[in-house]
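*Asks:* This is the structure, below, for whatever I ask next.
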Ligand code: FAD
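Numbering (this note's numbering), first residue to last: 38 to 566.
Structure representation (C-alpha cells):
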C-alpha cells in the first residue's frame, strides 16, 4: 500500500469516509490522482452504516416525479450487483394492497389523483400502484431482476404472516446491500490503487495559499498538516460545518438533516421476501429478513437539529414502527420484541420542502473556487447512486485539473466480488470443502462478507486452531487480523457493528474480551515497531 507523505502535495484531500468519500477516493485513485482521505471516526461510522441497506430506485420517489433519480438508481442496481455479488443480492418486495386505508394525499402524484378523481381522495388505489410498478420495471433496464407480478395472499406463503382479510399484493424487485461493508471495500480498493486512507483523523481547518489547500488534521498522535490541490467535502451530515468552520467559506447551500431509525427483532417470518407496507400517514415502512435470524423494520423521517447530536431511535419512533407494522402482521410487534435499533441522519440537499419525507433524495455537487483553491461540496445522495455520484465528481475534478480521464468503475468488481451474481452458494460450498472444520452458516457468512477473499483469509488453515483465538460465533483472530490489516478496523465496535454484524450475536463479555485483545495487540505491535 503506497502512502502519501504528509509533506507531499496531494491532488485530492477528501473529507469524510462514508460511502461518498470512499467511492470518490476509489474512482479518483483508479484514474491516477493522488488521493488522501481523512475520516474523523471509523469508516461508515455515520449515515453510511445506518441505511435501510437497499440498492433501490425508490418506488415512492415516483410520486414526487423524481424521474432522473429513480431511473439512474434503477439502472445502477444491476451494475452494482455484478460488481459485488457477495455483499449484495436481489430481493423480492411484497406490497399488500389495502384499498380501505385512507391517508393524507401529501405527494404531488396523489394530489393530482385526488384532484382528478375526488372520490379517491386519500387513497392510493391498486391501479395507481400497478402503473407505478410498471414504470419502475421499465425505467431501469433489467437483465437479472425479475419484474412485477401479482400475488394471491390467500394461497401464497407470503400471505401467512399477514392479518386475515388481506387478499392481494404486488411483488417487485430491488436489492439488498451491506452498506458498511460497501464502504470498507471501496476504501480497501482505493488503498490498493494508491490512496491513503486515514481513519480517526479529523480535518479541523483548511486555508488556501498560492492555489493550494493547507489542511490541519487531528490524528491520534497529534496535529498534522496535509497539502492538497483540491478539497472534496464528503462530510455527509457535517457538509455544512465543513464549509463554514473548516474552509471558512460563505455559501447559501445547506444540508437538511432528516433522521431515520430502524428496529431489529428476532426473525418474524420463515420466507426470504420483504414487505413494503403503506401507512395511513402516506409513509411506507420496509420489513426485511436480516442477518439470517433477525428482521429489520424501518424507517422514520424526523427533522434532526445538529450533526453533532448522535442520532438515536427514540421510544416514539420505536413505538411508531411497532404500531405501523402491527396493522399488517397477524402477530403484533411489541416494543419488548426489539433486540436492537439504530438511527442515522440523511444529509439531504435543502430544496426548501416543508416536509422531511418530501425533501429530495437526489444529490448535488457544487464546485467553489472562491477561496483561491477549489473545493467540491457534496450534498445528498443515496447508497445506490454512490458510484454515479463519484463519476459526476470526477467530471468536476477532471475539469479542474484540465485532464480527461475515463470512467472505469462500472465493470470493476470490488475486492472479493470477482464471481457471478448468484454464485455465493457455490463459493460457500467450495470454502466448506477446503476447510471442513467450518459449518455451513459460518462459510456462508464469510462468503457474504468477503467473497473470494474468504479463500485468501483462510489460506493454509486445516483445523479451527489454525485460526488463532476464537471469540465466539465464528469470529477468530484470523478474521480480526484481516480486518485490521486490510479494512482499517481498529476497535471491537468497528469489527462487531460495521465490518460484521456479529454484535447482534456476541455477548458483552466476549465483546469486552475482543476489545482487550485488540488493545494488547496494538500495544505489542507498537513495542515491536
Ligand atoms: P456519511 O456516511 O455520513 O459520511 C460522512 C463522513 O464524514 C462521516 O463518517 C463523518 O465522520 C465524516 N466527517 C465529517 N466531518 C469530518 C471532518 N471534519 N473530518 C473528517 N471526517 C469528517 N440510501 C440508499 O441508497 N438505500 C437505502 O436503503 C437508504 N436508506 C437510508 C435510510 C436512512 C435511515 C438514512 C439515514 C439514509 C438512507 N440512505 C439510503 C441514504 C444513504 O445512507 C446516504 O445518502 C449515504 O450513506 C450518505 O453517505 P455520505 O458519505 O454522504 O455520508
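Where is the CB? At the ideal position from N, CA and C, for every residue including glycine.
So what's residue 559 in DSSP terms, helix, strand or just coil?
*Replies:* As a first step, residue 559 must be located in the chain shown, where it is residue number 522. In the structure shown, residue 559 sits in a helix (DSSP, three-state: H, G or I).
*Asks:* Examine the ligand FAD and report whether any of its heavy atoms sits within less than 8 Å of the Cβ of residue 57.
*Replies:* If you number the chain shown from 1, residue 57 lands on position 20. The answer is yes for residue 57.
*Asks:* Residue 82: which of 284, 428, 527 and 251 sits nearest, CA to CA?
*Replies:* Here residue 82 corresponds to residue number 45 of the chain shown, with the count starting at 1. Cα-wise, what sits closest to residue 82 is 527.
*Asks:* Note down the Cα distance separating residue 517 from residue 229, rounded to an integer number of angstroms.
*Replies:* In the chain shown, residue 517 corresponds to position 480, counting from 1. In the chain shown, residue 229 corresponds to position 192, counting from 1. Spanning the two alpha carbons is a distance of roughly 19 Å.
*Asks:* Can you tell which of 175, 232, 472 and 77 has its C-alpha closest to the C-alpha of residue 257?
*Replies:* Here residue 257 corresponds to residue number 220 of the chain shown, with the count starting at 1. Looking at the Cα atoms, 77 is the closest of the given residues.
*Asks:* Within the chosen definition, does the region 100-110 reach the region 265-272 through at least 3 CB pairs nearer than 8 Å?
*Replies:* Contact between the region 100-110 and the region 265-272 is absent, because fewer than three Cβ pairs lie under 8 Å.
*Asks:* Leaving out five residues on either side along the sequence, give the residues of the same chain with a beta carbon under 6 Å from the beta carbon of residue 431.
*Replies:* Residue mapping note: residue 431 aligns to position 394 of the chain shown, counting from 1. Closer than 6 Å at the Cβ level, and outside the excluded window around residue 431, lie 64.
*Asks:* Since residue 80 and residue 51 are thought to touch, with beta carbons under 8 Å apart, how far apart are those beta carbons, to the nearest angstrom?
*Replies:* Locating residue 80 in the chain shown gives position 43, counting from the first residue. Locating residue 51 in the chain shown gives position 14, counting from the first residue. In fact, because the Cβ distance is near 12 Å, the residues do not count as touching under 8 Å.
*Asks:* CA-CA distance, residue 292 and residue 55?
*Replies:* Taking the first residue of the chain shown as position 1, residue 292 is located at position 255. Taking the first residue of the chain shown as position 1, residue 55 is located at position 18. Residue 292 and residue 55: Cα-Cα distance of roughly 16 Å.
*Asks:* Near residue 171, which residues of its chain fall below 8 Å by C-beta distance, leaving aside the five closest residues on each side in sequence?
*Replies:* Residue mapping note: residue 171 aligns to position 134 of the chain shown, counting from 1. Counting only Cβ-Cβ distances below 8 Å, and skipping sequence neighbours, we find 185.
*Asks:* For the candidate residues 87, 377, 361 and 402, whose alpha-carbon lies nearest to that of residue 290?
*Replies:* Walking along the chain shown from the start, residue 290 turns up at place 253. Comparing Cα positions, the closest option is 402.
*Asks:* Going by DSSP, what residue range makes up the beta strand (DSSP E) through residue 61?
*Replies:* Here residue 61 refers to the residue found at position 24 of the chain shown. First-last for residue 61: 56-67, but that is the alpha helix (DSSP H), not the beta strand (DSSP E).
*Asks:* Do residue 418 and residue 399 have their beta-carbon atoms positioned less than 9 Å apart in this structure?
*Replies:* Against the chain shown, residue 399 aligns to sequence position 362. Against the chain shown, residue 418 aligns to sequence position 381. Result yes, Cβ atoms of residue 399 and residue 418 sit closer than 9 Å.
*Asks:* Excluding sequence positions up to five away, which residues of its chain have a Cβ less than 7 Å from the Cβ of residue 359?
*Replies:* Indexing the chain shown from 1 puts residue 359 at position 322. Same-chain partners within the cutoff: 370, 371 and 372.
*Asks:* Tell me whether residue 84 is buried or exposed, calling it buried when 16 or more other Cβ atoms sit within 10 Å of its Cβ.
*Replies:* For the purposes of this step, residue 84 is taken as the residue at position 47 of the chain shown. Residue 84 comes out buried.
*Asks:* Using only the heavy atoms of the ligand FAD, determine whether one of them is closer than 8 Å to the beta carbon of residue 127.
*Replies:* By 1-based counting over the chain shown, the position of residue 127 is 90. For the ligand FAD, not one heavy atom lies less than 8 Å from the Cβ of residue 127.
*Asks:* Kindly indicate which three-state DSSP category residue 366 falls into: helix, strand or coil?
*Replies:* Within the chain shown, the letter at position 329 stands for residue 366. Of the three classes helix, strand and coil, the one that applies to residue 366 here is strand, per DSSP.
*Asks:* On the premise that residue 133 lies in contact with residue 206, defined as a C-beta separation below 8 Å, what is that separation, rounded to the nearest angstrom?
*Replies:* Along the chain shown, one-based indexing puts residue 206 at 169. Along the chain shown, one-based indexing puts residue 133 at 96. With a Cβ gap of about 4 Å, residue 206 and residue 133 count as contacting.
*Asks:* Could you check what DSSP says for residue 293 in three-state terms: helix, strand or coil?
*Replies:* As a position in the chain shown, residue 293 is number 256, starting the count at 1. DSSP places residue 293 in strand when its eight states are reduced to three.
*Asks:* Check whether the Cβ of residue 124 sits closer than 8 Å to any heavy atom of the ligand FAD, and report yes or no.
*Replies:* Numbered from its first residue, the chain shown carries residue 124 at position 87. False, no ligand heavy atom lies under 8 Å from that Cβ.
*Asks:* Rounded to the nearest angstrom, what separates residue 424 and residue 449 at their Cα positions?
*Replies:* In the chain shown, residue 424 corresponds to position 387, counting from 1. In the chain shown, residue 449 corresponds to position 412, counting from 1. One C-alpha to the other measures close to 11 Å.
*Asks:* Of the choices 411, 444 and 294, whose alpha-carbon is the least far from that of residue 427?
*Replies:* Start at 1 with the first residue of the chain shown, and residue 427 comes out as number 390. Nearest option by C-alpha distance: 444.
*Asks:* Can you give the Cα-Cα distance for residue 20 and residue 250, rounded to whole angstroms?
*Replies:* This structure leaves residue 20 out entirely; the chain is present only between 38 and 566.
*Asks:* If you scan the region 84-142 from start to end, which runs of the alpha helix (DSSP H) of 4 or more residues do you find wholly inside it?
*Replies:* Taking only runs of at least 4 residues, the alpha helix (DSSP H) segments lying wholly in the region 84-142 are 104-120.
*Asks:* Please name the residue, chosen from 90, 483 and 550, that lies closest to residue 571 on a Cα-to-Cα basis.
*Replies:* Residue 571 cannot be examined here, being either before or after the span of the chain that is shown, 38 to 566.
*Asks:* Could you tell me if residue 45 is buried or exposed, where buried requires 16 or more neighbouring beta carbons within 10 angstroms of its beta carbon?
*Replies:* Start at 1 with the first residue of the chain shown, and residue 45 comes out as number 8. It counts as exposed.
*Asks:* Does the ligand FAD have even one heavy atom less than 8 Å from the beta-carbon of residue 77?
*Replies:* Counting from one through the chain shown, the residue named residue 77 turns up at place 40. Yes, the beta carbon of residue 77 sits closer than 8 Å to at least one heavy atom of the ligand FAD.
*Asks:* So, helix, strand or coil for residue 260, using DSSP?
*Replies:* Translated into the one-based positions of the chain shown, residue 260 becomes position 223. The answer is strand: DSSP assigns residue 260 an E or B state.
*Asks:* Take residue 544 as the anchor and find which of 62, 530, 556 and 367 has the nearest alpha-carbon.
*Replies:* By one-based count along the chain shown, residue 544 stands at place 507. If we check each option's Cα against that of residue 544, 530 comes out closest.
*Asks:* May I have the straight-line CA-CA distance separating residue 451 from residue 226, to the nearest angstrom?
*Replies:* Taking the chain shown and counting its residues from 1, one reaches residue 451 at position 414. Taking the chain shown and counting its residues from 1, one reaches residue 226 at position 189. In a straight line, the C-alpha of residue 451 is about 7 Å away from that of residue 226.
*Asks:* I want to know whether the region 227-246 touches the region 183-197 - three or more CB-CB distances under 8 Å.
*Replies:* The region 227-246 is not in contact with the region 183-197.
*Asks:* Please work out which residues of its chain come closer than 6 Å, Cβ to Cβ, to residue 239, disregarding the five sequence neighbours upstream and downstream, and give them in chain order.
*Replies:* Position 202 of the chain shown holds residue 239. So the list reads 77 and 255, once near-sequence residues are dropped.
*Asks:* Between residue 135 and residue 87, what straight-line distance do the alpha-carbon atoms span, to the nearest angstrom?
*Replies:* The sequence position of residue 135 within the chain shown is 98, counting from 1. The sequence position of residue 87 within the chain shown is 50, counting from 1. Those two C-alpha atoms are separated by around 29 Å.
*Asks:* Indicate whether the contact test is met: 3 or more Cβ pairs, each with one atom in the region 340-349 and one in the region 541-558, closer than 8 Å.
*Replies:* They do not touch, by the three-pair rule.
*Asks:* How long is the line joining the alpha carbons of residue 355 and residue 298, rounded to whole angstroms?
*Replies:* In the chain shown, the residue the question calls residue 355 occupies position 318. In the chain shown, the residue the question calls residue 298 occupies position 261. Their Cα atoms are separated by approximately 8 Å.
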